[in-house]
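Numbering (our numbering), first residue to last: 10 to 221.
In this text, a Cβ means the ideal position worked out from N, Cα and C, and glycines have one as well.
Treat the numbers as computed from the prediction; the structure is a model and nothing was measured.
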């Protein structure tokens, strides 16, 4: 993402793995928010599904669009009798990870493909709103799920964005994946630290008070 930041001054970085987060860069600066908590995109209430999010609220975007959401739906549908390459793992009580789901997609598992495409379409719907709001130059998608086959994840995102965003806002906005994978959070933390250290008053903040 640091390389992308040198090419674009206005971008949105969507991190989708087990959860869902957002990084916002405006005029070349990373937006932190008042307390450093900006970008909690996954915890916007958008669904009346009564599904409890790990944040303690219900109906968050993350309850329908995340690795955790795909896992929940996969387990429910396997227990209802649907076939999947991951059925033995689910029925034995083993934990199903996003890596397992992506692996099953690569092996052409119909149920996993359906769920990943559904997540992509839903994510694209929400990204369309972000494009209308922020008018970015580029959308970057990282995290574990971004490593899924583009035809099953990226393309549904693109179709939904074109459908739900204003054409004037989205027609020249590329949507690309970034191979950050599971390291996305670590990379983001490094970028935040670096951006804050480069702020004009950083030297003042770093200087410890003198003892008297």
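Hey, how far is the Cα of residue i from the Cα of residue j?
{"i": "residue 40", "j": "residue 123", "result": "34 Å"}
{"i": "residue 145", "j": "residue 182", "result": "7 Å"}
{"i": "residue 163", "j": "residue 102", "result": "30 Å"}
{"i": "residue 116", "j": "residue 173", "result": "31 Å"}
{"i": "residue 58", "j": "residue 68", "result": "6 Å"}
{"i": "residue 95", "j": "residue 177", "result": "42 Å"}
{"i": "residue 79", "j": "residue 138", "result": "22 Å"}
{"i": "residue 66", "j": "residue 158", "result": "32 Å"}
{"i": "residue 127", "j": "residue 37", "result": "33 Å"}
{"i": "residue 71", "j": "residue 161", "result": "19 Å"}
{"i": "residue 112", "j": "residue 87", "result": "17 Å"}
{"i": "residue 114", "j": "residue 99", "result": "16 Å"}
{"i": "residue 125", "j": "residue 56", "result": "18 Å"}
{"i": "residue 46", "j": "residue 142", "result": "19 Å"}
{"i": "residue 171", "j": "residue 63", "result": "31 Å"}
Short check: CB of residue i to CB of residue j, under 9 Å?
{"i": "residue 83", "j": "residue 133", "result": "no"}
{"i": "residue 34", "j": "residue 44", "result": "no"}
{"i": "residue 150", "j": "residue 187", "result": "yes"}
{"i": "residue 93", "j": "residue 61", "result": "no"}
{"i": "residue 21", "j": "residue 148", "result": "yes"}
Taking its Cβ as the centre, do 16 or more other Cβ atoms sit within 10 Å of residue i, making it buried, or is it exposed?
{"i": "residue 165", "result": "buried"}
{"i": "residue 54", "result": "exposed"}
{"i": "residue 130", "result": "buried"}
{"i": "residue 179", "result": "buried"}
{"i": "residue 199", "result": "Any reading at residue 199 must be qualified, since the residue scores a pLDDT of 45, below 50, and its modelled position is unreliable; no value is offered."}
{"i": "residue 16", "result": "exposed"}
{"i": "residue 154", "result": "buried"}
{"i": "residue 51", "result": "buried"}
{"i": "residue 73", "result": "buried"}
{"i": "residue 104", "result": "exposed"}
Would you grab the beta carbon distance between residue i and residue j for me? Rounded to a whole angstrom, and I think it's under 8 Å.
{"i": "residue 75", "j": "residue 28", "result": "5 Å"}
{"i": "residue 32", "j": "residue 48", "result": "6 Å"}
Worksheet item: Residue ranges of each beta strand (DSSP E) run of no fewer than 3 residues wholly in the segment 130-166, ordered along the chain?
Response: 147-151
Worksheet item: What alpha helix (DSSP H) runs, 4 residues minimum, are completely inside the segment 85-131?
Response: As for any alpha helix (DSSP H) of minimum length 4 sitting wholly inside the segment 85-131, the runs are 96-100, 107-115, ordered along the chain.
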